[in-house]
Amino acid sequence: MIELPIRMTQESCRRTSAAARMEWLETNGLGGFASGTVAGMRTRRYHGLLTAALQPPVGRHLLLAKFEEALVIDGERFEFSCNAYPGVIHPDGARYLVEFRLDPFPVFVYQMAGMELEKRIFLVHGENTVVVEYELRTLDRDPAPDCGLELVPLCAFRDYHATAHANDSLSPQIHRAANVIGFRPYADLPPLYISHSAADVQARGDWYYHFELNAERERGLDFDEDLFAPAVIRFDLSRQPYAAVIASLDIRDAGQAATLRRRECERRAALVESLPSREPLVEILARAADQFIVRRGEGATIMAGYPWFSDWGRDTMIALPGLTLATGRYREAKHILATFAGAVDQGMLPNRFPDDGQAPELNTVDGTLWYFEAVRAYLEHTQDYAFVRQHIFPKLKQILHWHWCGTRYGIVCDGDGLLKAGEAGQQLTWMDAKVGDWVVTPRSGKPVEIQALWYNALCIAEDLAERFGDRDLAVLARETARQAKKSFREKFWNPVVNCLHDVIDGEERDGSIRPNQILAVSLPYSMLDPEQSARVVECVRRDLLTPLGLRTLCPRDPRYRGAYTGGVSERDTAYHLGTVWPWLLGPFFTALLKVNGYSDKARREVRLLLEDVEAHLLESGLGQVSEIADGNYPHTPRGCTAQAWSVAELLRVCLEELAEVGQRGISEESRRISSAA
């Protein structure tokens, strides 16, 4: 069983190659973040101490990449940072690393020459501010030696998707005041302020060339980067064995570091205090969930994944129940629903808010339908019908109108009551990979999960219309749902393999065995009878289930790709042709429990399967759940190291589906606390 805090031992830390594949993540509630590896080596373009969200939650720029760090003990220099250059690792500071832990944020413990140095990194919630603390302890030196700490900030000041390279347009000048350095290398970006408690600061103005970002090399992308060193900061640890540095878009006082740390520890502790379960897995997932909930304008949204995704409508609606409702964070859920209600256009929810602040993209058919389910879940937890009636229900009516009459990309309710969608060159479902103009899995027509979501949405709309006295809508939704259910049962069942077709397009039947059919069982309103539901679960378990999620295609299919590797086109091709997705464990576990009547045996099976997830929390993004994994054994984690819906669906299952008493997952105490807030 996993334990708290997450801890890596000396044996793991000092194997540089392994420690460079274990990643940590810090976020600030604005879309900004810090990330890196246990080894201290940057392997991604996204690794850095401060990636600031200049237009929260987007407009993200990597300002401060890292510090070059050295401890000088009685004149002997120990460099404990870690970098990969062409053909060499220098310095290899991991050889001094004896412990790494998330307690609750990244803590590194180094030992050298009879001394122990502890480094702590955390972001200040609600600010583009990173705090780095160093604390020196004597192990077996008597008397204590003379010690100095030297830090060289290495800056990138570039879009977080790019890489930095030496150039003549950078302004190297630094501005110094009492215990603060100001540095603004480019006029179109804000200055970075580094406050410190150092004894000495000297201007440098050097470029460090050819850092190798090995994870980018594996992804077939530019992996060479140069970073600029504006200054060197030196601390005397002989008199005061503590040093603090605060890098921020605002001028801060380094003397506040300990206070900021204490406040952040208290904030994170409060996240788990009202949870109905204090199991380590639940606590870790709840802390992970907090990293995705961020501010957008006056409201809130959910970042789809770190390090490279912004907020996506589909991902947000799938993740909302697990991240906010299961954890009792109803206020955030309400803000998110309101934020997206304001962005509905022609009956469609935004698929993505671009990082550059441009108009939202609206190319999704399922994201809008997931919105209905998010609203239903919100009401189940809060009974806040007044808010939904005033602010959400009119949008739901508008959405249904557009779907009945027709909206973008051929999305329209067909004569059989089912929802069809698709245009050439468009990818509208969650299987949305595209290579150039080639849509890898177009799934035009009537995809199976879209019908499941459409029926679920119609039933939710009928319930709300009856409650709110809208008889006309209730009748129309009920009749469409009845017709859709009849058509679905007639057209989608595949008696040859006893499961559901993946897509129907006219007379064509796509018999690909994919995980999309599990939603026809797991959603609250299902069109299947009990026997059909059980057969779908059996098929998915047999052909698609892995320890980390469901494969996106049966391995017996000739199109199956078992490894998500290679360049961009190779990886995008494999994205939904066999690659494993952890978020699908949520619907699968719900379906498994439903068809077995939430029996003790089924609960035990789910808990046993969750043990594989616990192991995963220690292998890639520490304390997080990856976006995807290889379809083939050993199911190596790939993609984003922290994915919102992966965390959310597992947390929802732990707190709701596996709860033994009362309304699954939310205690009356947590409901009372949240309502009071």
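Following the numbering used here, the numbering of the sequence shown begins with 419 at its first residue and continues without gaps.
Note that the Cβ used here is the ideal one computed from N, Cα and C, for glycine as well.
Just so it is clear, the structure is predicted and the values come from calculations on it, not from any experiment.
Under 9 Å, do residue i and residue j count as touching if we go by C-beta distance?
i, j, result
"residue 532", "residue 567", "no"
"residue 1132", "residue 537", "Absent from the structure is residue 1132, since the part of the chain shown begins at 419 and ends at 1095."
"residue 471", "residue 783", "no"
"residue 740", "residue 1063", "yes"
"residue 990", "residue 973", "no"
"residue 552", "residue 661", "yes"
"residue 836", "residue 801", "no"
"residue 440", "residue 452", "no"
"residue 1031", "residue 1068", "yes"
"residue 570", "residue 700", "no"
"residue 499", "residue 485", "yes"
"residue 611", "residue 669", "yes"
"residue 1044", "residue 1000", "yes"
"residue 1056", "residue 982", "yes"
"residue 724", "residue 1039", "yes"
"residue 685", "residue 543", "yes"
"residue 845", "residue 838", "no"
"residue 619", "residue 652", "yes"
"residue 786", "residue 766", "yes"
"residue 502", "residue 631", "yes"
"residue 679", "residue 549", "yes"
"residue 450", "residue 468", "yes"
"residue 593", "residue 663", "no"
"residue 1041", "residue 706", "yes"
"residue 554", "residue 534", "yes"
"residue 565", "residue 474", "no"
"residue 966", "residue 1053", "yes"
Can you name the residues that DSSP bridges to residue i?
i, result
"residue 592", "601"
"residue 911", "918"
"residue 524", "520"
"residue 441", "455 and 1039"
"residue 626", "645"
"residue 856", "853"
"residue 466", "453"
"residue 873", "Paired residues: none, contrary to the question."
"residue 831", "837"
"residue 561", "Residue 561 is not bridged to any residue."
Going along the chain, which residues of its own chain have a beta-carbon closer than 6 Å to the beta-carbon of residue i, five neighbours each way excluded?
i, result
"residue 813", "759 and 762"
"residue 992", "979 and 982"
"residue 528", "498, 514, 515 and 535"
"residue 524", "442 and 539"
"residue 424", "520, 1040 and 1041"
"residue 940", "1005, 1008 and 1009"
"residue 1065", "703, 706, 707 and 1043"
"residue 830", "824"
Report all residues from its chain with a CB closer than 7 Å to the CB of residue i; omit the five preceding and five following residues, and keep chain order.
i, result
"residue 1082", "Unreliable placement is indicated for residue 1082, whose pLDDT of 42 sits below 50; the coordinate value is still reported in the next sentence. Closer than 7 Å at Cβ, skipping near neighbours: 1074 and 1075."
"residue 751", "738, 742, 743 and 796"
"residue 436", "430"
"residue 903", "873 and 945"
"residue 805", "752"
"residue 421", "698"
"residue 819", "765"
"residue 675", "549, 551, 662 and 664"
"residue 730", "722, 769 and 770"
"residue 1046", "982, 997, 998, 999, 1056 and 1057"
"residue 624", "647"
"residue 672", "597, 613, 614, 615, 662, 663 and 664"
"residue 986", "638"
"residue 606", "none"
"residue 654", "566 and 617"
"residue 912", "918, 919 and 929"
Any heavy atom of the ligand HEM closer than 8 Å to the CB of residue i?
i, result
"residue 783", "This structure simply doesn't include the ligand HEM, nor any ligand for that matter."
Jot down the residue ranges of each uninterrupted alpha helix (DSSP H) in the stretch 1001-1074, minimum 4 residues, whole runs only, in chain order.
-> The qualifying runs are 1003-1013, 1018-1034 and 1062-1070.
Three-pair Cβ contact test at 8 Å for the stretch 949-956 versus the stretch 1006-1014 = Contact holds: three or more Cβ-Cβ distances are below 8 Å.
Is it a yes or a no for the stretch 683-698 touching the stretch 1016-1025, going by three-plus beta-carbon pairs under 8 Å?
-> The stretch 683-698 makes no contact with the stretch 1016-1025: fewer than 3 CB pairs, one atom from each, lie closer than 8 Å.
Cβ pair count under 8 Å reaching 3, the stretch 863-874 against the stretch 921-941 = As far as the Cβ criterion goes, the stretch 863-874 touches the stretch 921-941, which means the pair count is three or higher.
Touch check for the stretch 791-799 and the stretch 873-891: three-plus C-beta pairs under 8 Å?
-> Yes: the two stretches touch, three or more of their Cβ pairs being nearer than 8 Å.
Any chance the stretch 630-645 sits against the stretch 573-590, with 3 or more Cβ pairs inside 8 Å?
-> With contact defined as three or more Cβ pairs closer than 8 Å, the stretch 630-645 and the stretch 573-590 are in contact.
Unbroken beta strand (DSSP E) runs of length 3 or more, entirely within the stretch 685-746: which are they?
-> 711-714 and 717-720, all fully within the stretch 685-746.
Ranges of the alpha helix (DSSP H) found wholly within the stretch 740-828, counting only runs of at least 4 | Taking only runs of at least 4 residues, the alpha helix (DSSP H) segments lying wholly in the stretch 740-828 are 748-759, 784-800 and 811-823.
Contiguous alpha helix (DSSP H) assignments of at least 4 residues, all confined to the stretch 903-983 = Entirely contained in the stretch 903-983, the alpha helix (DSSP H) runs reaching 4 residues are, in chain order, 937-940 and 948-961.
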